[in-house]
Every structure is written in structure tokens, then in C-alpha cells.
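Here's the structure, in C-alpha cells; my notes come after.
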Amino acid sequence: MKILSLHIDGFGKLHDQDISFQDGMNVVYGKNEAGKSTLHTFIRGMLFGIEKQRGRAARNDVYSKYEPWKGSGTYEGWMRLESEGQIYRIQRRFQKQNKELTIVNETRGREVEPSRALLDQLRCGLSETAYDNTISIGQLKCATDGGMVAELRNYIANLNTSGSIALNITKATAYLKSQRRELENQMVPEAARSYTALLGDIRKTEQEISAPQYANQLIAYRNKKNEIRKQLDSCQKEKEGLLEKSAKGRQILLNSQFTDQESVQKYMEDTRKLYGEYQNTLAACSRKSRTVCAVFMFLITLAFAGASGLCLAAPDLVRSLVLLPFPLTAAAGISGAIALAACITGILKLGKNRRFRKELDTSTRLLQEIFARHLGDSSISQDAMNALEGRMAEFLRLSKAVEQSEQTLMQLSEEIAKLQSSEDQFSGEIEQQQRIQWELEQKLERLADCKTRAEALKHVLTENERIQEELDAIDLAQDTMTALSTSIRDSFGLYLNREASDLISGITGGIYTSMSIDENLDVFMNTPSKLVPIEQVSSGTMDQIYLALRLAAAKLVQNGRRDTMPLIFDDSFVLYDDERLKTALKWLVKAYDNQIIVFTCHQREAQLLTANQVKYHLVRI
Numbered sequence: 104m105k106i107l108s109l110h111i112d113g114f115g116k117l118h119d120q121d122i123s124f125q126d127g128m129n130v131v132y133g134k135n136e137a138g139k140s141t142l143h144t145f146i147r148g149m150l151f152g153i154e155k156q157r158g159r160a161a162r163n164d165v166y167s168k169y170e171p172w173k174g175s176g177t178y179e180g181w182m183r184l185e186s187e188g189q190i191y192r193i194q195r196r197f198q199k200q201n202k203e204l205t206i207v208n209e210t211r212g213r214e215v216e217p218s219r220a221l222l223d224q225l226r227c228g229l230s231e232t233a234y235d236n237t238i239s240i241g242q243l244k245c246a247t248d249g250g251m252v253a254e255l256r257n258y259i260a261n262l263n264t265s266g267s268i269a270l271n272i273t274k275a276t277a278y279l280k281s282q283r284r285e286l287e288n289q290m291v292p293e294a295a296r297s298y299t300a301l302l303g304d305i306r307k308t309e310q311e312i313s314a315p316q317y318a319n320q321l322i323a324y325r326n327k328k329n330e331i332r333k334q335l336d337s338c339q340k341e342k343e344g345l346l347e348k349s350a351k352g353r354q355i356l357l358n359s360q361f362t363d364q365e366s367v368q369k370y371m372e373d374t375r376k377l378y379g380e381y382q383n384t385l386a387a388c389s390r391k392s393r394t395v396c397a398v399f400m401f402l403i404t405l406a407f408a409g410a411s412g413l414c415l416a417a418p419d420l421v422r423s424l425v426l427l428p429f430p431l432t433a434a435a436g437i438s439g440a441i442a443l444a445a446c447i448t449g450i451l452k453l454g455k456n457r458r459f460r461k462e463l464d465t466s467t468r469l470l471q472e473i474f475a476r477h478l479g480d481s482s483i484s485q486d487a488m489n490a491l492e493g494r495m496a497e498f499l500r501l502s503k504a505v506e507q508s509e510q511t512l513m514q515l516s517e518e519i520a521k522l523q524s525s526e527d528q529f530s531g532e533i534e535q536q537q538r539i540q541w542e543l544e545q546k547l548e549r550l551a552d553c554k555t556r557a558e559a560l561k562h563v564l565t566e567n568e569r570i571q572e573e574l575d576a577i578d579l580a581q582d583t584m585t586a587l588s589t590s591i592r593d594s595f596g597l598y599l600n601r602e603a604s605d606l607i608s609g610i611t612g613g614i615y616t617s618m619s620i621d622e623n624l625d626v627f628m629n630t631p632s633k634l635v636p637i638e639q640v641s642s643g644t645m646d647q648i649y650l651a652l653r654l655a656a657a658k659l660v661q662n663g664r665r666d667t668m669p670l671i672f673d674d675s676f677v678l679y680d681d682e683r684l685k686t687a688l689k690w691l692v693k694a695y696d697n698q699i700i701v702f703t704c705h706q707r708e709a710q711l712l713t714a715n716q717v718k719y720h721l722v723r724i
């Protein structure tokens, strides 16, 4: 990727300013407070946007710091860049109430959707954290922050396991933990003990009712009660199935804010009306006649206003050129009135255009919300309307099916009530029998209750077993993730040691050739006797080491991409002496074949590059 040019309408102290860059080394020179850091932040804002913080954090956030100082107050601009052989223009508005992102493919001459994939391409696969900690190097900020450790760990883990950077081992681990907590909450730990106790009660009751004194009466009553019970079980099972089916259908309708067939039909009718209004408004906005008329009116305004002014300012000249049958003051008044009328007409025409545009924006937003909610795609087209019609037809069929199911449920409830009434009547007849028969009935009811509860607990036990299997699987996954994380932690520095050691050798001109980097991005210099912490070296050397680390990290996270991001330095060499700076600049131009942008308040960078016959592009601000 290569930055070609910038245009700033309003950003901090910069207003209506254009900046161009070239291939290779670019030196942006400006005195302190000239706006170099502002320009640096503008590039970052073009790539990632700027969000206003809330509460106390909003007082000193980036958004507030770089609000326009003067001019019209517009908080916007654009950046032209080249990516994968094509030229793009990124246009952003940063206003909180009017944020807008537009991307134009200038090579193809059309606006393109600012999709996640396109933005990822233009950013060369860098996240905001990776950008801040690799290729973007601010003043006295060569060291990386803590967020880069997790960022690189995920990059490395994902590249190791899948060859992709789309995974996130940290999020995956957190998800597994949350799933385990949810499953544990679903477990019923007392189910097994209660089930065993119920089986003992069932066996005891069955032995009691099998005694000889109950034999004759038990057969007759069992047959009658079993018949009613079978009917009740069948009706209950059918009711439960219908309840579940009806509840699911009703929930689907409610999730889509529908209650019945009428609400679906009304929603579709309103959408058709809205789409018709959208098409009419779109056609009205496409007409250019009102704009042409408005321009013509403004031209007339200018002409007659000029004539009126000429009559008042140079009456002798007017009399010499034109013979008027009435006084010049009257001619001036008439010209002024015509100019005023033409101006008002032009303003009304433009106002009508703005009203149509506002109506179009409203219709577009509502239609996008409707299509996104029901189709998963906010694109507005006749095909989308046809798809929505089909979707609403499905809702109509679902609503009809739900209503039919609810009617059937009412009938089943009545039938169940009748069966339960019959069962209650049969129980009353049993109570009228002799004491022995009453005792038998009590035992039978107890037996039936125990069996019902046992059956219910059996389902709970089955569910417990299923949940336990899932818990075991989650435990296995967590163990695997832990082992993977340990492996990554133990070998984390190996991915950076080789690259960073090669880079530090070039940056320092061979003064330092080897370093060690642990899993937390802590850096040590290798000496024959021990590892020396980076804090014990000079400030200039420390900056060189962190620069090597950043470049190594940038190479890692941009692995496999055809384009790479430009290197951006914002007064990053203030701690370098002249010799150290000359070595670093010569090496950067030689080692990094992409664009390099150096912001500086000193002239020594340009002087050293010129003295060493290194080609560069100088930008003054």
C-alpha cells in the first residue's frame, strides 16, 4: 500500500490543506507546532476512524483534541492511496452527528462498498492495535504497549493452527468457560438420589398390591384406570407437541413484531408504500432541471443586481448608454425587485431539492432497516422487495398455522378436561367401595405418582448424562487450549527473535547483532556472559531496539500479503546522534522497499540523506 496524497478540509489546526507523497523516502519538515502530529493522526483517522469517548474521557480524547480550530467547522478530509495496483480515495467525516465513510475506486471510476474485506485490504490486514505498535511510530514511542502482546499471540496461534489470522484463542477460551458455566447451571445433582428412592417405593407398593386380598378388585379397577390414563397420556402428549409447535411459531412471529395475519399484511402494505415513495423520491432527486433552473435564477439575480447597482452608482454612464423613459432610481428599483424575485426562486428550487434528498435519506434508512432485519442484507432493489414479499408470505402461512394449532389446543384442552372429569368421577366411585378397595386405590395412585415422577426423573437423568458429556468435551477442549497457550507462551519470542536480530544488525550498522525476546515482548541483549535488560542500554540504542521489534512485528502480522503499509515516523529519531541517524536512514531506504514517511522538526534528516546521496521527497508544512 502506498499513500499518494491527502486533502484536509478541517482537522485540528490544519484547514484546506493538500499534501502529496512519493515512492520511497518522504521527509515531512515543519517547526514545532506546525501540525506534523496532526497530519500523522489524520492518516490514522482516515484508516481507522475516530470515535468520541463518553463522560470524562471525552474531555481529552483524540476526537476533541483534533476538532477544527477555524474555518467552516467541517471535520473531514480524504486520502488517496494505491493498493494492489488500484487507486482508492477514502473520504471521512468525523462529526459525531454526521459520520460518513466513502471509498471511491478511482481506477475503475466508481464508488465501492466500504466492506470489512476492503478495509482489511487497504489496512494490509493490520488491526488498530497492530498499526499503533508496528508501522506507526510516534515521538518517544518506539516501545510497544501491552495490547500488542495479546495481538501477536493470537496472530501466532492462528497461523500455527490454521494458517489464518481469523481465529482468536483468547475469545475461544472465554467462550468455553461461559458455556461450561451455563451447562453446570442446567444440571440437577439430586436427580439420581431421588430416582433411586422412587424405584424403591414403586417396588414396595407393587408387592403390597399383589397380595391375595387385592387380586379380584385390582384387575377390574386397573383396567378401567389404565384406559383413562392412556387416553390422558395420549392427549397430553399431543397437547405438549402442539404447545411446543405453537410456541415456536408464535415466538418467531413476535420476534419479527407480528401478532397475526392482519399485522403481517399491514406491514407488507406499509413496506410497499414506503418502497413506492422511495422510488418516486429517487426519481425526483435524479432530475437536474431544478438545479439548472436554480443556477439560471442566480445568474439573473447577479445580472439585475448589477444593473441596479450601476444605475445608482453611475447614472451618467447609464444615461449615455441607454435612453430610459423613466428615472434611473425607478430602473434601479425594478432591477433590484427582479433580482430579489430571481434569488428567492432559486433558493426555493434548491430547498425543494434538499427536501427531496432528506425524504430519500429517510426512505432509504427505513427500507435498509426492514431488508436487514428480514433478509440479512440492507441493499435496496426490486429483487429485495420480491424476496421480502416471499418472506412475508412465509409469515402469513406461519401465522395461519399458529392460529390453527391454537384452535386445536383449545379442543384438546376441552377433551383433556372431560377425561380428567371422568377420572375424578371414577376416583369418587372407588371411594365408595369397601375400605379394602379404598386402600387399594390409594396404593394404585401412589404407584402411578411414583412412576410418573420416576419417568420425569429418568428424562432429567438422561439430560444430566448429555450435559456431562458436553462438560467432558469442554474440559478436553480447555485442556487442549491450555496446552496450546503454554506452547505459544514458551515459544512466543522465537517468532520475533530471528527477524528482530537481523533488523537490529542493519539498523545499528552491525554494532548489535543478537537479542532475545520473551512472551511478554521484554527485550534482552545477548552478551557472552548474560542477558542484559534493555533498560540498561542507552536511550538511543533502546529506540533502535524497539524500532527493530516493531518492524519484525509488522512483518509478522502482514505475513503473506502482497501489499505492506508505509512506515511512519513522527519525530522518532530525537534521541539519535548524527552517526546513528545516518546509519538508520540508509538502512531503512535499503531494507524497506515500500513507502517511508518521516515527520521531523529538524533539518538534519534531509541534510544527511542529501549528503549520502539518498533519494527522498521533501514536504514542508
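Whatever position you read off the sequence shown (first residue = 1), add 103 for this note's numbering.
Glycine included, each C-beta is placed from N, C-alpha and C at the ideal position.
Q. Nearest CA to the CA of Leu470: which residue from Lys658, Ala714 and Gly379?
A. Gly379
Q) Residues in its own chain within less than 8 Å of Gln364 by CB, not counting five upstream and five downstream? A) Leu499, Ser502, Lys503 and Glu506
Q.
With H, G and I counted as helix, E and B as strand and the rest as coil, what does DSSP make of Gly113?
A. strand
Q. For Leu678, does the three-state DSSP call read helix, strand or coil?
A. coil
Q. In its own chain, which residues sit with a C-beta less than 6 Å from the C-beta of Asp121, not counting the 5 before and 5 after it?
A. His110
Q) For His562, does the count of other Cβ atoms within 10 angstroms reach 16, so buried, or fall short, so exposed? A) exposed
Q) Terminal residues of the continuous beta strand (DSSP E) containing Asn163? A) From DSSP, Asn163 is part of no beta strand (DSSP E); its letter is neither H nor E.
Q: Indicate whether the contact test is met: 3 or more Cβ pairs, each with one atom in the stretch 130-139 and one in the stretch 177-192, closer than 8 Å.
A: no
**Q.** Nearest-angstrom Cα separation, counted from Thr713 out to Ile699
**A.** 16 Å
Q) Is Phe595 helix, strand or coil by DSSP? A) Note on Phe595: pLDDT 49, under 50, position unreliable in the model; no value is reported.
Q | Cα-Cα separation between Leu579 and Glu287, rounded to whole angstroms | A | 16 Å
Q | Three CB pairs or more closer than 8 Å across the stretch 683-690 and the stretch 148-156 | A | no
Q: Would you tell me roughly how many angstroms separate the C-alpha atoms of Val717 and Tyr695, rounded to the nearest one?
A: 14 Å
Q. Does the Cβ-Cβ distance between Ile355 and Leu550 come in under 8 Å?
A. no
Q | Run of the beta strand (DSSP E) containing Asn208, from where it starts to where it stops | A | Glu203 to Asn208
Q. So, is Tyr278 buried or exposed, given that buried needs 16 or more other C-beta atoms within 10 angstroms?
A. exposed
(Q) Let me check one thing: in DSSP terms, what residues is Asn129 bridge-paired to? (A) Ile700 and His720
Q) Within 10 angstroms of its Cβ, does Val130 collect 16 or more other Cβ (buried), or is it exposed? A) buried
**Q.** Nearest residue (CA-CA) to Met668, options Asp126, Phe114, Asp119 and Arg494
**A.** Asp126
Q) Which class does Leu711 belong to by DSSP, given the choice of helix, strand or coil? A) helix
Q. Is it a yes or a no for the stretch 227-241 touching the stretch 208-217, going by three-plus beta-carbon pairs under 8 Å?
A. no
Q: Within 10 angstroms of the Cβ of Ala687, are there 16 or more other Cβ atoms? Answer buried if so, exposed if not.
A: buried
Q: Please confirm whether Ala557 and Leu357 have their CB atoms less than 8 Å apart.
A: no
(Q) On a Cα-Cα basis, can you pick out the residue from Gln523, Glu526, Glu462 and Ala440 that is closest to Cys388? (A) Glu462
**Q.** For Ser744, the three-state DSSP class (helix, strand or coil)
**A.** Any question about residue 744 goes unanswered here, given that the chain covers just 104 to 724.
Q | As assigned by DSSP and simplified to three states, the class of Gln706 | A | coil
Q) Nearest chain B C-beta to Gly344 closer than 8 Å, yes or no? A) Looking for chain B here will not work: only one protein chain is present.
(Q) Measuring alpha carbon to alpha carbon, tell me which residue in Met488, Ser508, Glu293 and Leu491 is nearest Leu345. (A) Ser508
**Q.** Proximal residues to Leu721 (C-beta, below 7 Å), its chain only, five neighbours per side dropped
**A.** Val130, Tyr132 and Ala709
(Q) Less than 8 Å between C-beta atoms, sequence neighbours within five positions excluded: which residues of the same chain meet that for Ile640? (A) Looking at the sequence provided, one finds Val at residue 640 rather than Ile. Cβ neighbours of Val640 beyond the five flanking positions: Met628 and Ile648.
Q: List the whole-angstrom C-beta distance separating Leu142 from Phe124, where the pair is believed to meet the contact cut-off of C-beta under 8 Å.
A: Going by Cβ atoms, the distance from Leu142 to Phe124 rounds to 11 Å, so no, they are not a contact pair.
Q: Between the Cα of Asp373 and those of Glu492, Asp646 and Trp690, spot the shortest distance and give me the residue it belongs to.
A: Glu492
Q: Return the first residue and the last residue of the beta strand (DSSP E) that Ser359 is part of.
A: That residue, Ser359, is in no beta strand (DSSP E); it is neither H nor E in DSSP.
Q) So, helix, strand or coil for Asp552, using DSSP? A) helix
**Q.** Assigned secondary structure, Gln200 (DSSP; H/G/I helix, E/B strand, else coil)
**A.** coil
Q | Residues near Tyr719 in its chain [Cβ-Cβ closer than 6 Å; skip 5 each side] | A | Met128, Val130 and Leu712
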